[in-house]
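S.K.: What follows is a structure written as structure tokens; I'll ask about it next.
Residue numbers (this note's numbering): 896 to 987.
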């Protein structure tokens, strides 16, 4: 949605994330340039995501750059629920 600057896609994602997380997420909150880039982050990713906070604490760009990723309990659930996530983290 951010890359394509697509308001309708932002609205769709906001509705899905609101339902999944049980909180109101607005289309304006969907802007995110990704963990690897400086720039816009969703409010969750910017300051609440335990995975991002861990990576920042270890001074790595993402958990894909962490030597402990394979045994990390924080990312295990994401890898289990999203088969593409691990590949995305390791992609350069």
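All C-beta atoms, glycine included, are put in the ideal place defined by N, C-alpha and C.
Bear in mind that the values here come from a model prediction, so they are computed numbers and not experimental data.
Can you tell which of 986, 909, 910, 897 has the C-alpha that lies nearest to the C-alpha of residue 928?
M.R.: Numbered from its first residue, the chain shown carries residue 928 at position 33. It is 897 whose Cα lies nearest to the Cα of residue 928.
S.K.: Alpha carbons only, please: which of 912, 930, 965 is nearest the one belonging to residue 923?
M.R.: Taking the first residue of the chain shown as 1, we reach residue 923 at position 28. Measuring from the Cα of residue 923, the nearest candidate turns out to be 912.
S.K.: Any contact of the stretch 963–980 with the stretch 938–950, i.e. 3+ C-beta pairs under 8 Å?
M.R.: Enough Cβ pairs lie closer than 8 Å, so yes.
S.K.: With a threshold of 7 Å (Cβ to nearest heavy atom), would residue 967 be considered close to the ligand COA?
M.R.: With respect to small molecules bound, the structure shown includes none, and the ligand COA cannot be examined in it.
S.K.: Can you list, in chain order, the residues of its chain whose CB lies under 6 Å from that of residue 926, leaving out five sequence neighbours each side?
M.R.: Locating residue 926 in the chain shown gives position 31, where the first residue counts as 1. These residues qualify, in order along the chain: 897, 935.
S.K.: Residues in the same chain with beta-carbon distance under 6 Å from residue 919, minus the five sequence neighbours each way, listed in chain order, please.
M.R.: Position 24 of the chain shown holds residue 919. Once the five neighbours on either side are set aside, the close Cβ partners of residue 919 are 913.
S.K.: State buried or exposed for residue 943, treating a residue as buried only when at least 16 other CB atoms are found within 10 Å of its CB.
M.R.: Taking the chain shown and counting its residues from 1, the one referred to as residue 943 is at position 48. The residue in question, residue 943, is exposed, as its Cβ has fewer than 16 Cβ neighbours within 10 Å.
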